[in-house]
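Here the working numbering is used: position 2 in the sequence shown is -10, and no number is missing along the way.
We treat Cβ as the ideally placed atom computed from N, Cα and C, and that holds for glycine.
For reference, the structure is listed below as structure tokens.
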Amino acid sequence: MSENSRLVYSTDGNNICTTCKKPFRKCKCKKERSKLNSKTALRIYFEKKGRKGSGVTVISGLLLDKKELRNVAANLKKHCGVGGSLKNNNDIELQGDQKIKAEAYLRKHEHLQN
């Protein structure tokens, strides 16, 4: 094949997932496995941009399902004594600079390793 050509269709049997026996484009088990096994970094940072001077502490990278994430967000807000929200991209926002308190809570509840 030339450098500019690409494979469009193949009858080779390597395009089927060995776990669920579905084509790779419809397979969800690989995505779920990679989500659970991935070593994404948990980030805790203070963000002030676009908030008219008042900032929020953003916690991103927690690999939990929606229900557990909602529970952690509620407990974090209680622990820090502030308001906050859970955003669609699975980020937890806490009002004010709560980095130290949030990190202590996450370490205590084993969501954050050393």
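With DSSP as the reference, label residue i as helix, strand or coil.
{"i": "E98", "result": "coil"}
{"i": "L57", "result": "helix"}
{"i": "K87", "result": "helix"}
{"i": "L24", "result": "Unreliable placement is indicated for L24, whose pLDDT of 46 sits below 50; no coordinate value is reported for it."}
Could you check where the beta strand (DSSP E) with residue i kicks off and where it finishes?
{"i": "V152", "result": "Residue 152 falls outside the range modelled here, since the chain spans only -11 to 102, and no answer is possible."}
{"i": "K39", "result": "Residue identity differs from the one stated: residue 39 is Arg in this sequence, not Lys. Looking at the DSSP string, R39 is not in any beta strand (DSSP E), and its letter there is neither H nor E."}
{"i": "L74", "result": "G72 to L74"}
{"i": "L82", "result": "I80 to Q83"}
Ordered along the chain, which non-local residues of its own chain (more than five positions away) have a Cβ less than 6 Å from that of residue i?
{"i": "G84", "result": "V70"}
{"i": "H97", "result": "none"}
Going along the chain, which residues of its own chain have a beta-carbon closer than 7 Å to the beta-carbon of residue i, five neighbours each way excluded?
{"i": "A90", "result": "I32, T45, I47, L64, C68 and L82"}
{"i": "K54", "result": "none"}
{"i": "S73", "result": "E81"}
{"i": "C15", "result": "C5 and C8"}
{"i": "K36", "result": "G43"}
{"i": "Y93", "result": "L64 and H67"}
Do residue j and residue i have their beta-carbon atoms positioned less than 7 Å apart in this structure?
{"i": "K87", "j": "F34", "result": "yes"}
{"i": "G49", "j": "A62", "result": "no"}
Between which residues of its own chain and residue i is the CB-CB distance below 8 Å, once the five residues before and five after are set aside?
{"i": "D79", "result": "V46, I47 and S48"}
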